[in-house]
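Engineer:
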Amino acid sequence: MTVEFHGKVALVTGAGSGIGAATALRFAGLGAQVVVADLDVAAAGRTVAAIEAAGGTAAAFGVDVRFADQVEAMVRFVVERFGRLDVAHNNAGVDAPHRPLADVSEEEWDLTTGVDLKGVWLCMRAEIPEMIRVGGGAIVNTSSAAGLIGVTGAAPYCAAKHGVIGLTKVAALDYARQGVRVNAVCPGLIATPLVTAVLGDAVQQFVDTRIPMGRIGQPIDVADAVTWLCSDDAGFITGVALTMDGGGLAGL
Ligand SMILES: NC(=O)c1ccc[n+]([C@@H]2O[C@H](COP(=O)([O-])OP(=O)(O)OC[C@H]3O[C@@H](n4cnc5c(N)ncnc54)[C@H](O)[C@@H]3O)[C@@H](O)[C@H]2O)c1
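The working numbering applies: residue 357 is where the sequence shown begins, and numbers increase by one.
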């Protein structure tokens, strides 16, 4: 069997940039019709243009995943536009500036956990009934290496990303008998605008000291894992949190 999505419809959030854009392009390249959802609708449009330029089919949708009405409208749009929903990558995420826990503002906490954790729950809540309606589906949620270990100064982000793994396991259990598989990916350091914003000049030092493979990850490294987890080749896999970090969490 090979990884392919002909006749299937994929939804990717945070698909205007970075990991989400790479996953949307990958799904389209593997035959799926793709809804490219992002807070930044212009960025989503650029991903759609890249998919169409490569011969694929996609549509953009502007959404703030913190809000239930917008998330429900997004899933309605998917079904109205392409007739069904088979696979979803709940990936939209933000990080706050890193600072000690007692210095984190309520606004930073609410924004980070609102997008990274509540947003994932809202997306699954809207997506799962549509997947059950077509006989099953597969979801991948973006957690992080910061969902598995603590990161100094990243209280809201770590709390949210640990929470995503818990949510993923519960969803996997709740819907295992209805044919919906739910997994998480835990990327390490991946070359995207989010990393540049948070780490700045410290990226190379992190690569040299913390990544055994000696290179930063690329968005396609995550996209390949996400599309595989959503494919029939991963048909008996549900409730896992799969790390792709160049060996960083393998040990000291
Ligand atoms: N880059 C890394 O090293 C890394 C590592 C681990 C996990 N992650 C996770 O991967 C995911 C993607 O991050 P990325 O590195 O590609 O970052 P990115 O900044 O390139 O992309 C994130 C996208 O999410 C969108 N977004 C932000 N808030 C949103 C909202 N409220 N509603 C809808 N869309 C919203 C942004 O507009 C942006 O297009 C995030 O969940 C991030 O936490 C990234």
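Note that beta-carbon positions come from the ideal geometry of N, C-alpha and C, so glycine has one too.
Would residue 412 and residue 435 be called neighbours here (beta carbons separated by less than 9 Å)?
Structural biologist: No.
Engineer: Less than 8 Å between the CB of residue 419 and some heavy atom of ligand 1, yes or no?
Structural biologist: Yes, ligand 1 has a heavy atom inside 8 Å of this Cβ.
Engineer: Would you mind reading off the limits of the alpha helix (DSSP H) that contains residue 593?
Structural biologist: Neither: residue 593 is in no alpha helix (DSSP H) and is coded neither H nor E.
Engineer: If you count every other CB in all the chains shown that lies within 10 Å of the CB of residue 461, and 16 or more means buried, which is it?
Structural biologist: Residue 461 is exposed by the Cβ-count criterion.
Engineer: According to DSSP, what are the bridge partners of residue 417?
Structural biologist: Answer is 393.
Engineer: Bridge partners for residue 537 per DSSP, in chain order?
Structural biologist: Answer is 494.
Engineer: Could you give the distance in angstroms between the alpha-carbon of residue 468 and the alpha-carbon of residue 512?
Structural biologist: Straight-line Cα distance between these residues: approximately 6 Å.
Engineer: Just to confirm the assignment: which complete alpha helix (DSSP H) runs, minimum length 4, are found wholly within the stretch 426-475?
Structural biologist: DSSP runs (the alpha helix (DSSP H)) wholly in the stretch 426-475: 462-469.
Engineer: Under a three-way DSSP split, which group does residue 365 fall into?
Structural biologist: Strand.
Engineer: Can you give me the Cβ contacts of residue 406 inside the same chain, cut-off strictly under 7 Å, excluding the 5 residues immediately before and after it?
Structural biologist: These residues qualify, in order along the chain: 381.
Engineer: For the stretch 533-578, list the beta strand (DSSP E) runs that are entirely contained and at least 3 residues long, ordered along the chain.
Structural biologist: Taking only runs of at least 3 residues, the beta strand (DSSP E) segments lying wholly in the stretch 533-578 are 536-543.
Engineer: Do residue 418 and residue 393 have their beta-carbon atoms positioned less than 9 Å apart in this structure?
Structural biologist: Contact flag set, yes.
Engineer: Assuming residue 496 and residue 540 make a contact with CB atoms under 8 Å, what is their CB distance in whole Å?
Structural biologist: Yes, residue 496 and residue 540 are in contact; Cβ-Cβ is about 7 Å, under 8 Å.
Engineer: With a threshold of 16 other CB atoms inside 10 Å of the CB of residue 569, please say whether the residue is buried or exposed.
Structural biologist: Exposed, since its Cβ has fewer than 16 Cβ neighbours within 10 Å.
Engineer: Closer than 8 Å: is that where the CB of residue 395 sits relative to any heavy atom of ligand 1?
Structural biologist: Result yes, Cβ under 8 Å from ligand 1.
Engineer: Would you decide whether residue 483 is buried or exposed? Buried here means 16 or more other CB atoms lie within 10 Å of its CB.
Structural biologist: Residue 483 should be labelled buried.
Engineer: Within 8 Å: the Cβ of residue 502 and any heavy atom of ligand 1?
Structural biologist: The answer is yes for residue 502.
Engineer: Residues in its own chain within less than 7 Å of residue 525 by CB, not counting five upstream and five downstream?
Structural biologist: Within the same chain, residue 525 has close Cβ partners 595.
Engineer: Can you say whether residue 458 is buried or exposed, counting buried as having 16 or more other CB atoms within 10 angstroms of its CB?
Structural biologist: Exposed: under 16 other Cβ atoms inside 10 Å.
Engineer: From 397, 445, 425, 431, pick the residue whose C-alpha is nearest to that of residue 537; which is it?
Structural biologist: For the residues 397, 445, 425, 431, the minimum Cα distance to residue 537 belongs to 445.
Engineer: Among the candidates 493, 584, 605, 518, whose CA atom is the shortest distance from the CA of residue 386?
Structural biologist: For residue 386, the nearest C-alpha among the options comes from 584.
Engineer: Out of 448, 605, 589, 598, state which residue places its alpha-carbon closest to the alpha-carbon of residue 358.
Structural biologist: Answer by Cα proximity: 589.
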